[in-house]
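Participant: In full-length UniProt numbering, the protein residues as written are 1 to 543.
(1) Starting from the Cα of residue 12, find the closest Cα among 54, 392, 291 and give me that residue.
(2) Using 8 Å as the Cβ pair cut-off and three pairs as the minimum, do the segment 80-96 and the segment 184-201 touch?
(3) If we ignore side chains and look at the alpha-carbon of each, how far apart do residue 434 and residue 459 end up?
(4) Cβ atoms of residue 95 and residue 56: under 9 Å apart, would you say?
(5) For residue 397, name the three-state secondary structure that DSSP assigns.
(6) Taking the beta strand (DSSP E) that residue 3 belongs to, which residues open and close that run?
(7) Measure the alpha-carbon distance for residue 58 versus residue 84 and round it to whole angstroms.
(8) Do you know how far the Cα of residue 252 is from the Cα of residue 1?
(9) What are the start and end residues of the alpha helix (DSSP H) that includes residue 57?
(10) For a test of your reading of the model: does the CB of residue 368 fall under 8 Å from any non-hydrogen atom of the ligand GTP? Yes or no.
(11) Which runs of the alpha helix (DSSP H), 4 residues or longer, sit entirely within the segment 367-439?
(12) Which same chain residues end up closer than 6 Å to residue 406 when comparing Cβ atoms and leaving out the 5 residues on each side of it in sequence?
(13) Using DSSP with H/G/I as helix, E/B as strand and the rest coil, what is residue 343?
(14) Please report the straight-line C-alpha distance between residue 144 and residue 179, rounded to a whole angstrom.
(15) Going along the chain, which unbroken runs of the alpha helix (DSSP H) with 4 or more residues stay wholly within the segment 152-238?
(16) Once the 5 residues before and after residue 102 are set aside, which same chain residues still bring their CB inside 7 Å of it?
(17) Please confirm if the segment 414-432 is in contact with the segment 352-364, defined as three or more CB-CB distances below 8 Å between the two stretches.
(18) Identify whether residue 143 lies in helix, strand or coil by the three-state DSSP scheme.
(19) Taking DSSP's pairing of strands, which residues face residue 14 in a bridge?
(20) Please list, in chain order, all residues of the same chain as residue 392 whose beta carbon is under 6 Å from its beta carbon, the five residues on each side excluded.
(21) Could you give the residue range of the alpha helix (DSSP H) that holds residue 319?
(22) Using DSSP with H/G/I as helix, E/B as strand and the rest coil, what is residue 358?
(23) Out of 163, 217, 66, which has the shortest C-alpha to C-alpha gap to residue 35?
(24) For residue 247 and residue 324, which I take to be in contact (beta-carbon distance under 8 Å), what is that distance rounded to the nearest angstrom?
(25) Are the beta-carbon atoms belonging to residue 233 and residue 17 less than 9 Å from one another?
(26) With distances taken between CB atoms, is the gap from residue 242 to residue 354 smaller than 9 Å?
(27) Spell out a yes or no on whether the segment 21-38 and the segment 153-160 are touching, meaning 3 or more CB-CB pairs, one atom from each, closer than 8 Å.
(28) Could you check which residue in 203, 495, 221, 412 has the C-alpha nearest to that of residue 213?
(29) Can you look up residue 245 in the DSSP assignment and give me helix, strand or coil?
(30) Suppose the cutoff is 6 Å on Cβ atoms and the five residues either side in sequence are ignored; what does the same chain contact list for residue 225 look like?
(31) Which stretch, first to last residue, makes up the beta strand (DSSP E) that contains residue 482?
(32) The beta strand (DSSP E) with residue 469 in it runs from where to where?
(33) If you run the structure through DSSP and keep just helix, strand and coil, what is residue 529?
(34) Sorted by chain position, which residues of the same chain lie with C-beta nearer than 7 Å to residue 128's C-beta, five sequence neighbours on each side aside?
(35) Can you give the Cα-Cα distance for residue 115 and residue 131, rounded to whole angstroms?
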């Protein structure tokens, strides 16, 4: 059991949270929830031991292993993928290597009666007891299963880790964490850079193989599927629910209703007593009662109502001209990079108004197909946009295309048209750009902030074909809801690449699966597709 006792974090006169206490029990699967800036990541870092609290402490058993996966990795290395993942078992290999070294010393030493010789024997005995008590494991096989489960191919194992993007390097760290089988796994937005199949595999692992888990995530389906407890950080304190995320939302509404009722009752109580004080203050016969009630009101702890965003922002894409009947036409196209075939003889036609999604492992060609459709790369075969198509495209690197000399407000103000201009501040606020923040230069924004701003910009452009490649990676749940509602009402054509199943739900009626150098068309929803493939995928990637 890990105990969090009276944690407080204060800086620059601001209290992030205070007097926070809770315990993490074996097999707890906890979602750490709350608004951006509430202190979730800070609390996780304190539990992980990488940041100190102003007050309070975290207590855990001496031999407890806590593994932490942050949102952003800053490591650089030059080892292979397989060797880096194998570091998960470095403690085992260290035991083995030290034992072998000491045994070699014993073979050549002849000072059998010396204290040094006896110390070596005792050390070998101690190491042997620990080493042979370990579970008999085929470590190479375990590493291979975990790497494949999170999307690596056999040929990737011998590649240098510095050849991979940040998202793939994060997967390597995740593999190392999972293989260590720690007592507590701390995950901060673990699904941001992995595909649907890998998210499903990760869910299965956390549910069936992991011990305690604490996760911060904006992936509603992921946290609903793996958690049995929700800890909400709000207004400097926490609320602990023995429920998954969806049930927690219901319980939170009930709690807030009770707060409102208690607040109104307290307000009436204060008003009644204040009226008594005002009426009888200075009346000799009521002096004691007046003084008593004044002291009571001074000591009264005022009930607070949780600050919940209840604003109703409905956003629609601006109207534009209709496209032709088939905005996207792809006939028998192939794409290779040197000897690597991405896909071969792929065909698809997407009708006006259709909403489709591309699914498949990272590296199977989803983004490549999008670039082919947009004529950004050369391919063999026929690939064209239809008549009168106006494209709105959100790429994974969309943030890099923003004009860094503009402010946040100027970025959206220069493209907004019509009545939506009156809502710009509200729209920016929903995407977490509030108050004076809208006057910040784009150049000083973080990568996540730039991604959110690029999404707002796209929402304001008049288009009839939307192509979105992983649009939700840096959006909170509220922002995703705004975007999803706008996409649901969008009367143009939508092509969507996303690993977020809750976001995809209801947004597509056709699935294009990218697998084994092929593009396979499925006339079904994403839910039906995943359900049909889930058992097979889990078995294939079982760890």
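The C-beta atom is built at its ideal place from N, Cα and C for all residues, glycine as well.
Facilitator: Judging by the given coordinates:
(1) 54
(2) no
(3) 18 Å
(4) no
(5) coil
(6) 2-11
(7) 30 Å
(8) 26 Å
(9) Here residue 57 belongs to no alpha helix (DSSP H); instead the beta strand (DSSP E) covers 55-59.
(10) This structure does not include the ligand GTP; it has no bound ligands of any sort.
(11) 408-413, 424-430
(12) 442
(13) strand
(14) 11 Å
(15) 166-180, 196-208, 220-226
(16) 120, 123, 124
(17) no
(18) helix
(19) 11
(20) 458, 461, 463, 466
(21) Careful: residue 319 lies outside any alpha helix (DSSP H) and carries neither H nor E.
(22) strand
(23) 217
(24) No, residue 247 and residue 324 are not in contact; Cβ-Cβ is about 47 Å, not under 8 Å.
(25) yes
(26) no
(27) no
(28) 203
(29) helix
(30) 203
(31) Careful: residue 482 lies outside any beta strand (DSSP E), inside the alpha helix (DSSP H) at 477-489.
(32) 465-469
(33) helix
(34) 99
(35) 24 Å
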